[in-house]
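Read in order, the letters of the sequence shown correspond to residues 258 to 996 in the working numbering. Notes follow the structure.
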Amino acid sequence: MPHDDPLPPDHALRPGDRIGQALTIVRKVGRGGMGDVYLAKDELLDREVAVKVMRGPADAELASLQTLTEARAAARVVHPHVVGIFAVGHWQGRAYIEMQYVDGATLRDRMDEGPLPRPQAAMWLAQLGAALDAAHDIGVLHCDIKPDNVLLERGPGGAELAKLVDFGLARPAQAAATSAPITHGTLAYLAPELAKQAPKVASDVFSLAVVAHELLTGRLPVRQTWLQAPRPVPPMAGYPALPRAALQVLEAALDGAPELRPPTAGEFVDELLRALQMPELRHGQPQGPAVQAQTTLEVALPLTGLAESAPQLAQLVLAMVAAVPQGYPRAAALAMGGGVPADVIAQLRADQLLQGDADSLALGPLANRDEVLAALPTRSQRLVLTRVAAAIELTGPRGEVAREDASRLYVAGRRLEDAARLAAESADAAKSASARRQHLARAVAFLATPSRPQPWLAALLRQLSWEVACGNLVGAAAPLADAQGLIVDAGIPQDDPRRLQVEVRAAQIRLLGGDPHAALSLAAGVLQRPACPEPWRDGALAVQVATMTAIGQAAQAVALGRANLGRGRPDLAGADLAMATAEAALQAGDVAMADRTAHQALAAAAESGEPLWAVRALTTIGQFALLRGQPQRALRHAEEAQALALPLGSVAATGYVLMLQGQCLSRMNQPLRAALALARADHIFADLGLAAAQSQALNLLAESARQCGDSVAADAVLVERDRLAVRLRTLPKSASLLG
258 MPHDDPLPPD HALRPGDRIG QALTIVRKVG RGGMGDVYLA KDELLDREVA
308 VKVMRGPADA ELASLQTLTE ARAAARVVHP HVVGIFAVGH WQGRAYIEMQ
358 YVDGATLRDR MDEGPLPRPQ AAMWLAQLGA ALDAAHDIGV LHCDIKPDNV
408 LLERGPGGAE LAKLVDFGLA RPAQAAATSA PITHGTLAYL APELAKQAPK
458 VASDVFSLAV VAHELLTGRL PVRQTWLQAP RPVPPMAGYP ALPRAALQVL
508 EAALDGAPEL RPPTAGEFVD ELLRALQMPE LRHGQPQGPA VQAQTTLEVA
558 LPLTGLAESA PQLAQLVLAM VAAVPQGYPR AAALAMGGGV PADVIAQLRA
608 DQLLQGDADS LALGPLANRD EVLAALPTRS QRLVLTRVAA AIELTGPRGE
658 VAREDASRLY VAGRRLEDAA RLAAESADAA KSASARRQHL ARAVAFLATP
708 SRPQPWLAAL LRQLSWEVAC GNLVGAAAPL ADAQGLIVDA GIPQDDPRRL
758 QVEVRAAQIR LLGGDPHAAL SLAAGVLQRP ACPEPWRDGA LAVQVATMTA
808 IGQAAQAVAL GRANLGRGRP DLAGADLAMA TAEAALQAGD VAMADRTAHQ
858 ALAAAAESGE PLWAVRALTT IGQFALLRGQ PQRALRHAEE AQALALPLGS
908 VAATGYVLML QGQCLSRMNQ PLRAALALAR ADHIFADLGL AAAQSQALNL
958 LAESARQCGD SVAADAVLVE RDRLAVRLRT LPKSASLLG
C-alpha cells in the first residue's frame with residue numbers, strides 16, 4: 258500500500274509500494290551517494306525501470322533542486338553509453354528520477370573479481386571516453402566518474418557495454434566558472450584543483466585517467482595528499498606490465514596542472530589505446546573479423562613477400578614513405594608490415610632518399626614524392642596506397658581529418674567500399690545535419706555502380722533515412738527515387754527488409770508533405786506483409802498513428818499506439834512510435850499518456866545516441882506543459898531542445914522547437930520575440946519543403962503580428978499561408994514531429 262504521510266529521508270521503500278500513477282516497486286537494487294535505487298514496474302508502458310529516490314536532505318525544496326539538476330544534466334546527454342533518463346517527479350515529499358534499468362554489474366564489481374582482459378578494459382575506456390565527449394560537447398560535466406558509476410549492460414552477441422550513470426554532481430560547464438568547487442565526491446578520483454576552483458573538462462579527464470589506471474593495474478595511482486598530483490604505480494600480481502608509452506599517457510592525464518592534460522576524454526583514450534597497441538578499439542567495439550578485414554589484414558603481410566628483388570623492395574619501401582601524408586609518423590613503419598632488412602633502409606638513407614629513425618621515416622632531400630609513386634606499376638601503386646590508408650586508420654588520431662586522409666588513399670587505390678565506410682563513419686561523427694548529409698552523399702557516390710547494387714542500395718538507405726529524420730523533403734527526393742529504381746532493377750522481392758524500409762520512408766515523406774491519406778495507405782501496405790521485420794513494422798505503425806492524428810482520429814491513434822508500446826526497445830523505430838503516440842495523446846487530451854510516451858521516446862533517443870529524437874521528445878513534453886497552461890515550463894523545455902538542436906543546423910526539429918518557443922512567448926505577452934522565433938521556423942520549413950508545417954507557423958506568425966498591433970503584416974502573412982494551402986491536398990490538424 259502506498260504511504261499517505263511524507264516519508265523520512267532514510268525510509269526504504271518496500272516491494273509493492275507505488276510511486277506516482279504507474280510505478281510499482283519490485284526491489285531495492287542499489288544505494289548511491291544521494292539516493293536509493295529501486296527496480297520498478299512501469300504499469301502504463303509495461304516495462305522495467307530504475308527509480309532513484311532521494312534520501313535527503315529533509316528540505317523537500319533542496320532535494321527537488323538536486324534531483325532536477327541531476328535529471329536535466331543527464332537527460333541532455335544523448336549517447337548509447339549514458340543511462341537514459343525517462344522522467345523526474347515528486348512523491349511523498351521526496352524527489353525521484355525514473356531512468357533506464359540496466360540489468361548488470363557495475364565496473365567496480367567486475368574489478369573486484371580480479372584482472373580483466375586488457376582488450377575488454379580498453380573497449381570500456383573507449384566507450385566511457387565517447388560518452389564524456391558527448392556530455393562535454395553540450396556543456397555538461399559529470400564530476401563524479403568512478404567505477405561505481407559505470408554500469409555494464411549485456412549487449413548484442415553477449416558483450417558487456419559500459420554505461421555512465423549518476424550525474425548527481427553534474428553541472429553545466431558554462432556555469433562552472435562561477436560555481437563552488439567540488440570536494441564531496443569520492444576523493445581518490447577527484448582532480449586536485451577542485452579543492453580551490455570549479456570543475457572543467459580537464460577534471461573529468463583526470464577522473465577517467467584514475468579509472469583507467471585502476472582498470473589496467475588493479476591499483477589506484479599513488480598520491481600523498483589529495484592536493485597533490487598522483488603518480489602511476491606498477492601493476493598488481495596478475496596484471497600485465499604497462500608499456501612505457503602507456504605510463505607516459507597516464508602521467509600526462511594525471512598531471513596536477515589541468516592545462517597539461519589531454520584536452521578531451523576521447524583524445525586521452527585514443528592516445529592510451531595507441532600506446533597499448535590497440536588503436537582498433539578506439540570506437541569502443543570488439544575487434545571482430547569485419548574490423549580486422551578493414552584494417553589489420555591490409556598490413557599483415559610482410560613487405561618482403563611482395564617484392565622479387567632487393568631493388569623492388571627498396572622501391573616499395575620508398576613508395577610507402579612517400580604515400581604517407583604529414584602528421585602520421587608511425588604509419589609508414591606499420592604499412593611496411595615489419596621485416597624490412599636494415600641494410601635496405603641504410604642504403605636508402607645513404608642515397609639521401611630516406612631520413613629519420615625507424616618509427617618516423619620521411620623522404621630524403623633527393624626523393625620526389627610524385628616521381629616515386631609514378632615509378633610503381635599500377636597494381637603495386639594501389640597496394641601501397643591501400644596499405645598506407647589502413648595504417649593511418651590504425652595509428653592516426655581519431656577524427657575526421659584522419660578518416661579523410663585515409664579515404665583519399667583508398668579512392669586512389671580503387672578501394673571504394675573502404676572509402677565509403679570511412680565516409681559513413683564521418684557522417685556518424687558529424688555534429689551538423691549538413692555535414693552528415695555531405696558525408697552520406699560521398700558514400701553514395703563511392704558505391705554508385707550498377708554492377709554491385711547491394712552496397713549502393715545500403716548507402717542510399719542511410720542517406721534517405723537521414724533526410725527523412727531531418728524532415729528534408731527536398732533532399733529526400735533524389736535518394737528515394739534512386740532507391741526505388743534500384744529495387745526494381747535488382748529484382749528485390751516484396752518482403753525484403755530493404756524494400757520495406759524504402760516504403761516506410763515513402764510513407765513518412767507523404768505525411769511530412771501534407772498528404773496523410775496517401776501515407777496511411779502506404780503504411781497499411783507494409784503492415785500487410787506477413788514477414789515484416791519489427792523495426793519497419795514499428796515505423797509503419799508510427800506513420801499510421803501520426804496520420805490518424807492528422808485526420809482527426811486522435812483517440813483511435815492513442816489506442817493503436819498504446820497497444821503496440823511497452824516492449825521498451827531502444828531503437829529509433831520504437832522512438833518514432835512512442836513520439837507519434839505522444840502527439841496523438843496530446844491532441845486527444847490524454848495528458849498522462851502523452852507525458853510518459855514522450856519520456857519513453859527521450860529515453861530511446863539517449864539509448865541510440867541520436868539527438869534529433871531527443872529534440873522531438875523535449876518539444877512534445879514542452880507542448881504538453883503548454884497545454885496545461887505552463888508556458889514558462891514549456892519554454893524551458895524548448896530551450897533545452899534548442900541547445901541540442903543548435904549544432905544540427907537546419908532540420909525540421911529545430912523549426913518545431915522555434916514554433917513552440919513562439920507559442921510560449923506569445924502566451925507570456927512577448928509578441929515581438931514570438932514573431933522572431935516563428936519567422937525563423939517559417940524559414941526552416943520553407944527551406945526543407947515542409948509546406949504543411951510552414952502553413953501552421955504562418956498561422957501563428959499572423960497571430961503574433963496582430964498581437965503586436967501590425968494588422969498589415971498579419972494580412973500579408975495570411976496571404977502567404979493561403980498560397981501554400983493551394984499546394985497541399987489536405988492540411989493536417991496539427992504538425993507532426995516525424996521529421
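Here a beta-carbon is modelled for each residue, glycine too, at the ideal position from N, C-alpha and C. Bear in mind the structure is a predicted one, so any value in this text is a computation, not a measurement.
Query	Result
Sequence-distant residues of the same chain with beta carbon closer than 6 Å to A910, five excluded per side	L869, V872, R873, A902
R271 - containing alpha helix (DSSP H), residue span	From DSSP, R271 is part of no alpha helix (DSSP H); its letter is neither H nor E.
Beta-carbon gap between L642 and A669 smaller than 8 Å	yes
Backbone CA spacing between R476 and V422 [nearest angstrom]	22 Å
Cβ pair count under 8 Å reaching 3, the segment 509–522 against the segment 456–471	yes
Inter-residue spacing [alpha-carbon to alpha-carbon] between A427 and P449	Because A427 carries a pLDDT of 49, less than 50, the predicted location of this residue cannot be relied on, and the following value inherits that uncertainty. So the alpha carbons of these two residues sit roughly 17 Å apart.
Where H338 sits in the DSSP three-state scheme	coil
Test item: CB-CB of F703 and A677 under 8 Å	yes
Best match in E960, S865, G879 for proximity to V339 [C-alpha to C-alpha]	S865
Cβ-based burial, D852 [other Cβ within 10 Å; buried from 16]	buried
First through last residue of the beta strand (DSSP E) which encompasses A632	Premise fails: A632 is in no beta strand (DSSP E) and is neither H nor E.
Residue nearest to D880 in terms of C-alpha spacing, selected from L905, S907, M916	Looking at the sequence shown, residue 880 is not Asp but Gln. Of the listed residues, the one whose Cα sits closest to Q880 is M916.
L757 beta carbon less than 8 Å from that of W713	no
Own chain partners of S691 with C-beta closer than 8 Å, once the 5 adjacent residues on each side are dropped	G906, S907
DSSP beta-bridge partners of M356	A307, I342
Residues that DSSP places opposite D939 in a beta bridge	DSSP, once it has assigned bridges, lists no residue as partnering D939.
Buried or exposed (CB count within 10 angstroms, at least 16 for buried), N406	buried
The segment 745–762 contacting the segment 783–790, beta-carbon criterion three pairs below 8 Å	yes
Limits of the beta strand (DSSP E) - the one that Y585 falls within	Counting along the chain, Y585 falls outside any beta strand (DSSP E), and DSSP gives it neither H nor E.
Secondary structure of L892, DSSP reduced to three states	helix
Proximity below 8 Å, CB of A237 to CB of R693	Here the chain has residues from 258 to 996 only, and residue 237 is not among them.
Cβ neighbour criterion (16 or more within 10 Å) applied to A514	exposed
Cβ-based neighbour list, A269, same chain, cut-off 7 Å, excluding 5 preceding and 5 following	K285, D293
Closest Cα partner of G341 within the set R885, P928, L859, H894	L859
As assigned by DSSP and simplified to three states, the class of R665	helix
Strand pairing of A448, partner residues [DSSP]	DSSP, once it has assigned bridges, lists no residue as partnering A448.
Top-ranked residue by Cα proximity to R365, from L529, R606, L409, T877	L409
Chain-order list of residues whose beta-carbon lies under 7 Å from that of A812 (same chain, five-residue window excluded)	A845
CA-to-CA distance, A740 to A799, given in whole angstroms	22 Å
With 16 other Cβ atoms within 10 Å as the buried cut-off, status of T854	buried
Residue environment, H894, which counts as buried when at least 16 other CB atoms sit within 10 Å	buried
Rounded C-alpha distance that separates D772 from A780	13 Å
C-beta atoms of A619 and G613 nearer than 8 Å	yes
Beta carbon of V526 nearer than 8 Å to that of A588	no
Straight-line Cα distance separating V759 from L721	8 Å
Residue environment, T474, which counts as buried when at least 16 other CB atoms sit within 10 Å	buried
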